[in-house]
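The working numbering numbers the first residue of the sequence shown as 20 and each following residue consecutively.
Heads up: the structure comes next, in structure tokens.
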Amino acid sequence: MPPTEIAINEKISYIEKADSPLSADIGIIKDENACWLYDVGNGDAPIRGLNGSCHVVLSHFHPDHIGNISRIHAQNLYLSKKTCDHIPKETLAACRVHIVAEPVRIGNLHIFPLPSSHAKGCLGLEVDGTYAFVGDALYCKAKNNSYVYNAQLLKEEIEVLQNLSASFLLVSHFKGLIRKKADVLEELETIYAMRTNGNPEITIR
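Below is the structure:
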């Protein structure tokens, strides 16, 4: 039984996250007869029913986002250098690989680097200037039983999000996936305001 594909609009849908094994949400974009995937999830269940070739954007290198990459027929693979280091060589050899270090625009799609405290080399994908997939980039990292943001990366992330045309962010592991960008920015700016002089980290306990 293939997983349920949840529609956001006539072009964008997603396969919901799973817990066993841990798998991120998979974004699906149907754009001018082409199929794009944002992340590929992990384990059999999320990709059951995903047939044919597609273009793939990987948000970052964590296994719940890239675990199925060798099982997907990707024509073009867009990823950061950091994520590329985690992809099997035989998988890279089977598709056209695009290392994204600067924003890339392909029709109505906008692939962009997104600074993040969660992981190095995060990428976002904006569709039609309305919705933007951001993977796990909004999250921080756990350290000593606390949650920690890198203050400089958080500042840069806020600036990138502010400059997006999209009003809605599609956030991995968030129930329902959709968040208003204005709400996200308000939260991140509140956290950034908690920084202290001389400390490169912002700790949330």
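Note that CB positions come from ideal geometry on N, CA and C, so glycine has one too.
Please name the residue in the options whose C-alpha comes closest to that of residue i.
i           : options          : result
residue 150 : 140, 48, 209     : 48
residue 45  : 83, 53, 51       : 83
residue 68  : 154, 85, 91, 57  : 91
residue 195 : 21, 36, 184      : 36
residue 121 : 110, 144, 111    : 144
residue 171 : 104, 216, 27     : 216
residue 53  : 108, 126, 25, 24 : 126
Is the beta carbon of residue i less than 9 Å from the beta carbon of residue j?
i           : j           : result
residue 65  : residue 34  : yes
residue 98  : residue 50  : no
residue 154 : residue 119 : no
residue 210 : residue 158 : no
residue 40  : residue 86  : yes
residue 58  : residue 43  : yes
residue 185 : residue 148 : yes
residue 207 : residue 173 : yes
Express the C-alpha separation of residue j and residue i in angstroms, rounding to a whole number.
i           : j           : result
residue 218 : residue 114 : 43 Å
residue 197 : residue 203 : 11 Å
residue 199 : residue 180 : 11 Å
residue 223 : residue 70  : 42 Å
residue 205 : residue 124 : 27 Å
residue 73  : residue 94  : 6 Å
residue 106 : residue 88  : 8 Å
residue 164 : residue 102 : 27 Å
residue 156 : residue 55  : 20 Å
residue 27  : residue 146 : 12 Å
residue 130 : residue 177 : 17 Å
residue 226 : residue 21  : In this structure the chain extends from 20 to 224, so residue 226 is not present and cannot be described.
residue 61  : residue 38  : 10 Å
residue 238 : residue 23  : Residue 238 lies beyond the stretch modelled for the chain, which goes from 20 to 224, so this question has no answer here.
Leaving out five residues before and five after residue i in sequence, what residues of the same chain have Cβ atoms less than 7 Å from its Cβ?
i           : result
residue 175 : 134
residue 25  : 32, 33, 35
residue 110 : 88, 89
residue 29  : none
In chain order, what residues of the same chain lie with their CB nearer than 6 Å to the CB of residue i, ignoring the 5 residues before and after it?
i           : result
residue 188 : 151, 153, 198, 200, 203
residue 96  : 75, 114, 116
residue 192 : 36
residue 213 : 221
residue 166 : 159, 223
In its own chain, which residues sit with a C-beta less than 8 Å from the C-beta of residue i, not counting the 5 before and 5 after it?
i           : result
residue 100 : 118, 120, 140
residue 104 : 80
residue 161 : 167
Checklist entry - Can you find at least 3 beta carbon pairs, one from the segment 132 to 140 and one from the segment 74 to 92, that sit closer than 8 Å? => result yes
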